[in-house]
Amino acid sequence: MPIAHAAPGKTLLNPHDHTLIMIDHQSQMAFATHSIDMVHLRNNAALVAKAAKEFGVATILTTVAEKSFSGPMFDEIKSVFPDAAVIDRTSMNTWEDERIAVEVNRIGKGRIVLAGLWTSVCIVGPALSALDQGFEVYVIADACGDVTDEAHQRAMERMIQAGVRPMTSVQYLLELQRDWARSATYNQTVATAVAHGGGYGLGLIYAKTMFGGAEGH
Numbered sequence: 000m001p002i003a004h005a006a007p008g009k010t011l012l013n014p015h016d017h018t019l020i021m022i023d024h025q026s027q028m029a030f031a032t033h034s035i036d037m038v039h040l041r042n043n044a045a046l047v048a049k050a051a052k053e054f055g056v057a058t059i060l061t062t063v064a065e066k067s068f069s070g071p072m073f074d075e076i077k078s079v080f081p082d083a084a085v086i087d088r089t090s091m092n093t094w095e096d097e098r099i100a101v102e103v104n105r106i107g108k109g110r111i112v113l114a115g116l117w118t119s120v121c122i123v124g125p126a127l128s129a130l131d132q133g134f135e136v137y138v139i140a141d142a143c144g145d146v147t148d149e150a151h152q153r154a155m156e157r158m159i160q161a162g163v164r165p166m167t168s169v170q171y172l173l174e175l176q177r178d179w180a181r182s183a184t185y186n187q188t189v190a191t192a193v194a195h196g197g198g199y200g201l202g203l204i205y206a207k208t209m210f211g212g213a214e215g216h
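Numbering-wise (numbering that gives the first Met the number 0), the sequence shown opens with residue 0 and increments by one.
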């Protein structure tokens, strides 16, 4: 019979065990994205970026044909990492760019978390490639989007069948926090949830305003 221990599961993420790669969150890619409302996508991308910044997650930002075609990365991401170098590629598959491989190896984490546009091309490519090379791969599904619902869903199914672990943007934030007693990141986690957490954020505002409530306090 299994024995219960007060310890997190091995597949749960923590801030120090993975590299986040945010891929092609750019204007031209967004124009043709219809599987998710663009306001929601930009909001979720901001949430993911702020979570990564808050918890010190190793983060790679990359674009495709930024100056010649696709335009700049969303300001919701760049404003969080104002000094970060953005790797601009010609390859649709991020993983085939040697500079990405160099940076992933420099960071040295065995887990990769992906978010970007489009799911069926720019996320499937690196996800399957990283899996083939022995990395564990997670995809933040609601910080991704595609030209149709069908394209996004089939891409997610293909990756899950191959072993990718799907998650959402709020889940990513709360999985990194995971304990409200962690006071060093408590205030920023709540602030990010209030700003970008939709109904959950409204609930936090309500609880604090109406009766001084606070999670875990």
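Glycine residues also receive a C-beta, built at the ideal position from the N, C-alpha and C atoms.
Own chain partners of residue i with C-beta closer than 7 Å, once the 5 adjacent residues on each side are dropped
{"i": "Gly-55", "result": "Pro-14"}
{"i": "Val-103", "result": "Thr-18"}
{"i": "Ser-67", "result": "none"}
Inter-residue spacing [alpha-carbon to alpha-carbon] between residue i and residue j
{"i": "Ala-213", "j": "Tyr-205", "result": "10 Å"}
{"i": "Ile-159", "j": "Thr-208", "result": "41 Å"}
{"i": "Trp-117", "j": "Ala-5", "result": "39 Å"}
{"i": "Ser-141", "j": "Gln-152", "result": "Reading off the sequence, residue 141 comes out as Asp, not Ser. Approximately 11 Å between the Cα atoms of the pair."}
{"i": "Ala-44", "j": "Ala-154", "result": "19 Å"}
{"i": "Asn-42", "j": "Ile-22", "result": "15 Å"}
{"i": "Thr-62", "j": "Ile-106", "result": "19 Å"}
{"i": "Leu-203", "j": "Val-189", "result": "8 Å"}
{"i": "Ala-150", "j": "Leu-173", "result": "28 Å"}
{"i": "Ile-35", "j": "Asp-145", "result": "8 Å"}
{"i": "Ile-139", "j": "Pro-1", "result": "31 Å"}
{"i": "Thr-89", "j": "Thr-147", "result": "24 Å"}
{"i": "Gln-187", "j": "Val-163", "result": "29 Å"}
{"i": "Ala-84", "j": "Ser-78", "result": "12 Å"}
Residue of the options minimising C-alpha distance to residue i
{"i": "Leu-60", "options": "Met-28, Lys-66, Thr-18 and Ala-126", "result": "Thr-18"}
{"i": "Glu-65", "options": "Phe-30, Asp-96 and His-24", "result": "His-24"}
{"i": "Asp-87", "options": "Glu-97, Val-79 and Gly-196", "result": "Glu-97"}
{"i": "Cys-143", "options": "Pro-165, Leu-12, Ala-161 and Thr-58", "result": "Pro-165"}
{"i": "Lys-49", "options": "Phe-210, Ala-194, Tyr-199 and Gly-198", "result": "Ala-194"}
{"i": "Gly-70", "options": "Ser-78, Ala-51 and Ser-26", "result": "Ser-26"}
{"i": "Ala-192", "options": "Gln-176, Ala-180, Ala-183 and Arg-181", "result": "Gln-176"}
{"i": "Val-47", "options": "Arg-157, Ser-90 and Tyr-171", "result": "Tyr-171"}
{"i": "Thr-58", "options": "Lys-108, Gly-162 and Glu-95", "result": "Lys-108"}
{"i": "Ala-183", "options": "Glu-53, Val-120, Ala-3 and Val-38", "result": "Glu-53"}
{"i": "Leu-40", "options": "Thr-167, Ala-161 and Tyr-185", "result": "Thr-167"}
{"i": "Met-37", "options": "Leu-201, Pro-7 and Gly-115", "result": "Gly-115"}
Simplified DSSP state of residue i, which is helix, strand or coil
{"i": "His-24", "result": "coil"}
{"i": "His-17", "result": "strand"}
{"i": "Ala-51", "result": "helix"}
{"i": "Ala-57", "result": "strand"}
{"i": "Asp-74", "result": "helix"}
{"i": "Leu-217", "result": "Coverage of the chain is limited to positions 0 through 216, which leaves residue 217 absent and any answer about it impossible."}
{"i": "Ala-194", "result": "helix"}
{"i": "Leu-12", "result": "coil"}
{"i": "Ile-99", "result": "helix"}
{"i": "Met-166", "result": "strand"}
{"i": "Ile-122", "result": "helix"}
{"i": "Asp-131", "result": "helix"}
{"i": "Ala-114", "result": "strand"}
{"i": "Asp-141", "result": "helix"}
{"i": "Arg-177", "result": "coil"}
{"i": "Ile-2", "result": "coil"}
{"i": "Ile-86", "result": "strand"}
Contacting residues, own chain, Cβ-Cβ under 6 Å from residue i (five flanking each side not counted)
{"i": "Ile-99", "result": "Thr-93"}
{"i": "Ile-111", "result": "Thr-18, Ala-129, Phe-134 and Val-136"}
{"i": "Ala-51", "result": "Leu-19 and Thr-58"}
Any C-beta of chain C under 8 Å from that of residue i
{"i": "Gln-25", "result": "Of the protein chains in this structure there is only one, and it is not chain C."}
Contacting residues, own chain, Cβ-Cβ under 8 Å from residue i (five flanking each side not counted)
{"i": "Tyr-199", "result": "Val-169 and Ala-192"}
{"i": "Leu-11", "result": "Glu-174 and Arg-177"}
{"i": "Glu-95", "result": "Gly-124 and Ser-128"}
{"i": "Ala-161", "result": "Ala-126, Leu-127 and Leu-130"}
State whether the stretch 30-46 contacts the stretch 124-138, with contact taken as three or more CB pairs (one from each stretch) at a distance under 8 Å. no
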